[in-house]
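*Asks:*
In the working numbering, the protein residues as written are 1066 to 1331.
1) Is it right to say residue 1292 is buried, meaning 16 or more other beta carbons lie within 10 angstroms of its own, or is it exposed?
2) Check whether the stretch 1270–1282 and the stretch 1103–1115 are in contact - that is, three or more C-beta pairs closer than 8 Å.
3) From this set, 1116, 1145 and 1285, which residue's C-alpha is nearest residue 1155's C-alpha?
4) Determine the burial state of residue 1140: buried for a count of at least 16 other Cβ atoms within 10 Å of its Cβ, exposed for fewer.
5) In angstroms with no decimal places, state the Cα-to-Cα distance between residue 1123 and residue 1161.
6) Judging by CA-CA distance, which residue of 1287, 1180, 1089 and 1104 is the nearest neighbour of residue 1270?
7) Taking the alpha carbon of residue 1131 as the point to measure from, which residue in 1099, 1145 and 1176 has its own alpha carbon closest?
8) Of all the options 1151, 1147 and 1092, which has the alpha carbon lying nearest to the alpha carbon of residue 1119?
9) Since residue 1266 and residue 1094 are thought to touch, with beta carbons under 8 Å apart, how far apart are those beta carbons, to the nearest angstrom?
10) By Cβ distance, which residues of its chain are closer than 7 Å to residue 1063, with the 5 residues on each side in sequence left out?
11) Taking just the CA atoms, how far does residue 1137 sit from residue 1281?
12) Please identify the residue among 1128, 1179 and 1148 whose C-alpha is closest to the C-alpha of residue 1099.
13) Take the Cβ of residue 1262 as the centre, count every other Cβ of all protein chains shown within 10 Å, and call the residue buried at 16 or more, exposed below.
14) Please report how far the alpha carbon of residue 1129 lies from the alpha carbon of residue 1176, in whole angstroms.
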């Protein structure tokens, strides 16, 4: 009996140490994701600032081009409408990254930092037992489970929520924790949801950057098209002017010849 009791104690210690390692691995993964997300947010803000300046400069240059060239009114109005649509899209992107959304994302990141610190502290202070896992799950804010980011992430079916490596770790941890009871799964599910939200935020930033690139390419194409059209109109006006001069010269020559014939007859 003593040997059985000692074996049970050893098994509990082994499971506790393995649980510590896996929780520490998940916490480190989430910390790396948050650091990468902050970097992408800063990059997105810089891109939005550059895009706003570029849109303003493009609008001024386009208005000067319309004033300098005799372009059809309806054609110019069509270009103005397209440019206004691009400006509206750019403003939506800026608002999505640098406006109220940015403040909301910053608050969520700060909240997740506190969660990481709380998890790390609890793991260092207490052994891995079902009661400690339940305490970890209860320390988190229930509103974090139903945050707007998680709702948006759940509605987007095209996002990859977990990598293959993370899924294998989760499956292994589920297999290890199932014999000890269902309460230990709460902490794992909570960390999984945090990881999904981080990946969802990163995906939104990547989509915003891709939208900026598409807008810039559209502006470059339309400016190139406008330049070609203005050059063609100038060439056409030059051809009409030269033909008018040629006709005027021909009429003058015929008048001189008629005067000479009249003088010879007299």
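Idealized CB from N, CA, C, for every residue including glycine.
*Replies:* On the basis of the coordinates in this document:
1) In the chain shown, the residue the question calls residue 1292 occupies position 227. The residue is exposed, with fewer than 16 neighbouring Cβ atoms inside 10 Å.
2) yes
3) Here residue 1155 refers to the residue found at position 90 when the chain shown is read from its first residue. Answer by Cα proximity: 1116.
4) As a working mapping, residue 1140 is identified with position 75 in the chain shown. The residue in question, residue 1140, is exposed, as its Cβ has fewer than 16 Cβ neighbours within 10 Å.
5) As a first step, residue 1123 is located in the chain shown; it is residue number 58 there, counting from the start. As a first step, residue 1161 is located in the chain shown; it is residue number 96 there, counting from the start. Each residue's Cα considered, the two are about 22 Å apart.
6) The residue labelled residue 1270 in the question sits at position 205 within the chain shown. Checked all of 1287, 1180, 1089 and 1104; the closest Cα to residue 1270 is 1104.
7) Stepping through the chain shown from its first residue, residue 1131 is reached at position 66. Residue 1131 has its Cα closest to that of 1145, out of 1099, 1145 and 1176.
8) What you label residue 1119 is simply residue 54 of the chain shown in a count that begins at 1. If we check each option's Cα against that of residue 1119, 1151 comes out closest.
9) By one-based count along the chain shown, residue 1266 stands at place 201. By one-based count along the chain shown, residue 1094 stands at place 29. About 15 Å; that fails the 8 Å criterion.
10) The question about residue 1063 has no answer, for the chain in this structure spans 1066 to 1331.
11) Taking the chain shown and counting its residues from 1, the one referred to as residue 1281 is at position 216. Taking the chain shown and counting its residues from 1, the one referred to as residue 1137 is at position 72. Going by the C-alpha atoms only, they are around 25 Å apart.
12) Start at 1 with the first residue of the chain shown, and residue 1099 comes out as number 34. It is 1179.
13) Start at 1 with the first residue of the chain shown, and residue 1262 comes out as number 197. Per the 10 Å Cβ criterion, buried.
14) In the chain shown, residue 1129 corresponds to position 64, counting from 1. In the chain shown, residue 1176 corresponds to position 111, counting from 1. So the alpha carbons of these two residues sit roughly 49 Å apart.
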